[in-house]
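In my numbering, the protein residues as written are 35 to 364.
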Ligand code: COA
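So this is what it looks like as structure tokens:
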């Protein structure tokens with residue numbers, strides 16, 4: 035059976051670092067509270083003048099992934115991007131990446147699935163490869179959440195950050211690619227995390243942020259509990275689909291929303307934290323970008339070897355959630 039194999043990874047984050055200390059001057063919070071409740075120490079914030087729009091970050095991450103895979107943009111058949119913060123309402127950010135890469139043969143489109151956007155995109159591209167309608171695919175998760183952050187709301191502004199990650203998928207018949215991807219959605223909980231129709235006032239020290247006419251609203255407490263149970267359940271289901279258990283996993287790369295959510299999920303799955311990749315302390319929650327950034331960093335740090343099984347697991351607005359088991363082959 036043909037599936038997609040991850041042949042290259044890449045990531046890019048904006049230059050500007052916003053620390054917890056910086057946030058203490060913006061809202062009523064403390065470095066100590068943020069670290070204790072979330073694990074976040076700093077996050078990256080994109081700037082207008084620095085070519086750090088969502089599609090710019092995505093293009094930069096994609097170039098690195100393509101280089102690692104040894105694939106030229108002209109041979110891409112598909113570019114699919116998970117994002118809730120495209121540069122414009124339309125055209126899609128994926129089309130802007132296609133133009134920047136001169137990937138003229140590729141069909142390009144965005145997917146809106148909250149923080150689960152990358153895994154939804156991975157699933158679509160993998161299915162296209164499995165059916166033979168696509169050979170080489172570029173799968174991206176990219177966000178500029180600073181533009182839709184309410185900088186007056188301490189419940190959310192301390193959590194979010196900007197960045198992009200990408201993977202290149204090529205076809206394989208050797209059982210050395212994506213083994214399974216499970217996705218779920220439940221719109222009845224849409225109001226736990228959504229964009230409200232209000233403008234955010236941006237503080238002076240963040241004058242390079244370009245606010246959009248809506249911002250993130252979240253019921254953090256209820257979301258927290260839902261996240262832990264959905265993440266653990268879907269991870270178990272993705273593993274069981276291939277007769278695997280959590281003991282077969284070399285590395286879990288979860289969506290980086292909150293270190294306490296990650297720890298609770300790992301505990302439920304009986305996966306020790308040494309086998310869980312986290313970088314939330316550096317980037318906060320970058321929504322669709324968090325898994326491909328973490329996967330790229332784990333890969334470049336040499337944590338993965340051919341034959342290792344990797345568990346990707348995510349949860350986000352919608353509600354949406356998903357898990358994927360990958361046989362690593364790089
Ligand atoms: N600094 C200081 N105090 C803060 C704060 C901040 N940045 N944000 C909230 N608080 C306060 C609250 O006002 C509340 O005060 P009160 O007890 O006087 O009312 C107190 O801290 C506890 O708030 P609570 O919301 O219960 O904290 P929590 O432990 O649930 O942590 C989140 C809050 C947002 C970090 C946590 O709920 C979370 O991570 N939720 C899920 C996030 C998520 O999954 N997001 C998207 C999915 S992709």
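The beta carbon of each residue, even a glycine, is placed where N, CA and C say it ideally should be.
Query                                                                                                                        : Result
Cross-strand partners of residue 114 (DSSP beta bridge)                                                                      : 143, 173
Test: residue 256 CB closer than 8 Å to a CB of chain D                                                                      : Here chain D cannot be found, since the structure has a single protein chain.
heavy atom of ligand 1 below 7 Å from residue 71 C-beta                                                                      : yes
As assigned by DSSP and simplified to three states, the class of residue 203                                                 : strand
Close Cβ partners of residue 251 (< 7 Å) along its chain, the five nearest in sequence each way excluded                     : 228, 230
Option nearest residue 371 by Cα separation, candidates 354, 319, 261, 208                                                   : An answer regarding residue 371 cannot be provided, because it is not within the stretch 35 to 364 covered by the chain.
8 Å Cβ cutoff met for residue 289 and residue 349                                                                            : yes
Inter-residue CB distance, residue 79 and residue 146 (contact presumed, cutoff 8 Å)                                         : Not confirmed; about 22 Å, so no contact.
Any non-hydrogen atom of ligand 1 within 7 Å of residue 258 CB                                                               : yes
Any non-hydrogen atom of ligand 1 closer than 7 Å to residue 227 Cβ                                                          : yes
Straight-line Cα distance separating residue 108 from residue 260                                                            : 42 Å
Alpha-carbon spacing of residue 131 relative to residue 113, whole angstroms                                                 : 8 Å
Residue 230, enclosing beta strand (DSSP E) - first and last residue                                                         : 227-230
Endpoints, the alpha helix (DSSP H) within which residue 335 is located                                                      : No alpha helix (DSSP H) holds residue 335; DSSP gives it neither H nor E.
Start-to-end residues for the alpha helix (DSSP H) that takes in residue 256                                                 : 254-274
C-beta atoms of residue 102 and residue 44 nearer than 8 Å                                                                   : yes
Range of the contiguous beta strand (DSSP E) that encloses residue 216                                                       : 212-219
Meets three-Cβ-pair contact criterion under 8 Å: the stretch 160-171 and the stretch 329-338                                 : no
Nonlocal neighbours in the same chain, by C-beta distance under 7 Å from residue 254, ignoring five residues either side     : 189
Buried or exposed by the 16-neighbour rule on C-beta atoms within 10 Å, applied to residue 300                               : buried
Helix, strand or coil at residue 16 [DSSP, three-state]                                                                      : Missing from the structure shown is residue 16; the chain here goes from 35 to 364 and no further.
Proximal residues to residue 272 (C-beta, below 6 Å), its chain only, five neighbours per side dropped                       : 214, 216, 357, 359
Separation of residue 61 from residue 68, as counted between CA atoms                                                        : 12 Å
Distance between residue 95 and residue 333 (C-alpha atoms, nearest Å)                                                       : 14 Å
Residues of its chain near residue 324, where Cβ-Cβ distance is below 6 Å and the 5 sequence neighbours each way are ignored : 289, 290
Rounded straight-line distance, which links the Cα of residue 262 to that of residue 295                                     : 6 Å
Option nearest residue 52 by Cα separation, candidates 169, 326, 318                                                         : 318
Sheet register partners of residue 357 (DSSP bridge)                                                                         : 216, 347
Nearest-angstrom Cβ-Cβ length linking residue 200 and residue 328, presumed shorter than 8 Å                                 : Actually they do not touch by this definition, with Cβ atoms about 13 Å apart.
C-alpha distance - residue 354 paired with residue 122, whole-angstrom precision                                             : 23 Å
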